[in-house]
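Okay, so here's the structure we're looking at.
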Amino acid sequence: MEVFRIQGGRALNGEVRVNGAKNAALPLLAATLLTRETCVLRNVPDLSDVRFMIEILRHHGARVETPAPGVVSVTAESVHPHTPYELVKKMRASICLLGPLVGRLKMADIAQPGGCVIGTRPIDLHLKGLSRLGCTMTQHAGYITVDATNARGGRVFLGGPSGSTVTGTSNLVMAAVLTPGVTVIDCAACEPEVVDVCVMLSRMGAKIEGLGGPTLRITGVESLRGVTHEVVSDRIEAGTYAIAAAMSGGEIVVRGAKADHLGAFLDKFEEAGADFDILDADTLRVRGSAGRLKPVDITTLPHPSFPTDLQAQFTAMLTLAGGASTITERIYPNRFMHVPELNRMGANIAVEGPCAVIRGATALSGAPVMASDLRASAALILAGLVARGETWVQRIYHLDRGYERFDERLAALGASVERLRQSAMPADLRGE
Ligand code: EPU
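In terms of the numbering used here, the sequence shown opens at residue 284 and continues consecutively.
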């Protein structure tokens, strides 16, 4: 296992280009199973989750090549329907195979994912959607078997207790594009990553109306063709670098930061006193703003509201703001695993149910901390960048699921971040 050692207090300066979005790349890779023809994805981030999705595609019989950095070519002449638990338990997002298997094969046999550290993460809405299409489902020994032989499309409302479902919407669209008849999805997720999936499918020959809106109308077609598609850039990675810049001194230009996809984030970033300019539709310039940060109140909700995937990082930033901020987490009410670790670094954050109150402007000091999920890892690293002294972040394999070479890219901006083997960490600092 590897750890990060961070020496806090360095200003960040320079330019960083964000990669393709993990949460688009995963369903886009799954969508390549919908055609026998070759699909080429560009701007694919080099992440452990992406490498794992490639392994799953190979397991399903696809030929996958990576001819150049960021390029993945998939040819799925034949596909088989069984996705075993060994694969699904390693990555929940494997569930986005469900839609393509149903669309292509008219059947799927996939292990049901469990919860994870951020919540219970049910898939009831995915299954409801498939049943409205006319699929029959049986559950047995932790697996879901779907028979879509008689599926003819239908109307489905995909809203749940926290709004729509991101992967559920992509799954249902991927199933519906090759299902005869018309499918209407009400309360479809509007996240840019879902739109990117719809854009690629449309370019493959799918008939989808309403892209980007809450109602999608899909008319099934007989087959789809191959495509070359560039993965949309990662708004969460962009927001993370923007926060890193605001927390540290210096000035960073973040390329690939699409202001159109970051509306709610930029609104709160501005309200919090972050000093930034939108240079063009794809570029932000952010200056160190630590001394000027103000408290804000944030509620996470589905897009276009404030994204849960930037909540932990924003929390880290608000520990520097003078006054009390509140965070209300409406997507994953327990997604506060970063809080006890930030408190160990000197933050003053109290969690009560789905709300956190951050009393800011406490001096952060370096400490050994434990990452518990992807975005929590990023939050701890951001705190480490501005903490006095040395921070050791353990379990950074969570980080590598969603941030490509975060250590190297922060170091290129001037941060002191090293990736070391766990054995290099003094034994008395290790938490395990
Ligand atoms: N939900 C249900 N029933 C369902 C599905 C979801 O009640 O059938 C609930 C969930 O419990 C949650 C809410 O609906 O409260 C939203 O869940 P959603 O299905 O939208 O989440 P997801 O598709 O499983 C994706 C991202 C997550 C991101 C969420 C929310 C991928 C691969 N994952 O998950 O990304 O947090 O949307 O935006 O796209 C991350 O990148 O760190 C990450 C966790």
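Idealized CB from N, CA, C, for every residue including glycine. Predicted, not measured: the structure shown is a model, and the values here were computed from it.
- Taking a 10 Å sphere around the C-beta of residue 476, we find 16 or more other C-beta atoms and assign the residue as buried.
- Residues of the same chain with a CB within less than 6 Å of the CB of residue 286, apart from the 5 flanking positions on each side, are 675, 677, 703, 705, 708 in chain order.
- Around residue 463, the same chain offers 434, 435, 436, 503 as residues with beta carbons nearer than 8 Å, after the five sequence neighbours per side are excluded.
- The DSSP-derived three-state label of residue 711 is helix.
- Cβ neighbours of residue 379 within its own chain (closer than 7 Å, five residues either side excluded): 309, 310, 313, 450, 453, 454.
- Shortest gap from the CB of residue 407 to any heavy atom of the ligand EPU: under 6 Å.
- Comparing alpha carbon positions, the residue from 583, 392, 566 closest to residue 614 is 583.
- Taken in chain order, the complete alpha helix (DSSP H) segments of 4 residues or longer contained in the region 606-651 are 621-627.
- Counting every other CB atom within 10 Å of its CB across the protein chains shown gives residue 438 a total below 16, marking it as exposed.
- Residue 298 and residue 528 have their C-alpha atoms spaced approximately 11 Å apart.
- Pairing residue 343 with residue 546, the inter-Cα distance amounts to about 38 Å.
- Distance from the CA of residue 530 to the CA of residue 481, rounded to the nearest whole angstrom, comes to 36 Å.
- Residue burial is scored here from C-beta neighbours: residue 592 has at least 16 other C-beta atoms within 10 angstroms and is therefore classed as buried.
- Excluding residues up to 5 positions away in sequence, 476 lie with their Cβ nearer than 6 Å to the Cβ of residue 306 in the same chain.
- In this structure, residue 526 has its beta carbon at no less than 6 Å from each heavy atom of the ligand EPU.
- Residue 323 has its alpha-carbon roughly 42 Å from the corresponding atom of residue 651.
- Residue pairing by DSSP puts residue 490 in a beta bridge opposite 502.
- Residue 388 has its alpha-carbon roughly 8 Å from the corresponding atom of residue 363.
- About 29 Å separates the beta carbons of residue 670 and residue 516, which is beyond the 8 Å limit, so they are not a contact pair.
- The shortest CA-to-CA distance from residue 664 to any of 646, 595, 710, 609 is the one to 595.
- Between residue 340 and residue 649, the alpha-carbon positions lie close to 41 Å from each other.
- For residue 567, the secondary structure class from DSSP, reduced to helix, strand or coil, is strand.
- Residue ranges of uninterrupted alpha helix (DSSP H) with 4 or more members, entirely inside the region 510-598 and ordered along the chain, are 518-530, 546-554.
- The straight-line gap separating the alpha-carbon atoms of residue 646 and residue 426 is approximately 49 Å.
- Every alpha helix (DSSP H) stretch that sits fully inside the region 361-403 and reaches 4 residues is listed by chain position as 368-371, 381-388.
- When beta bridges are read from the DSSP output, residue 446 appears opposite 443.
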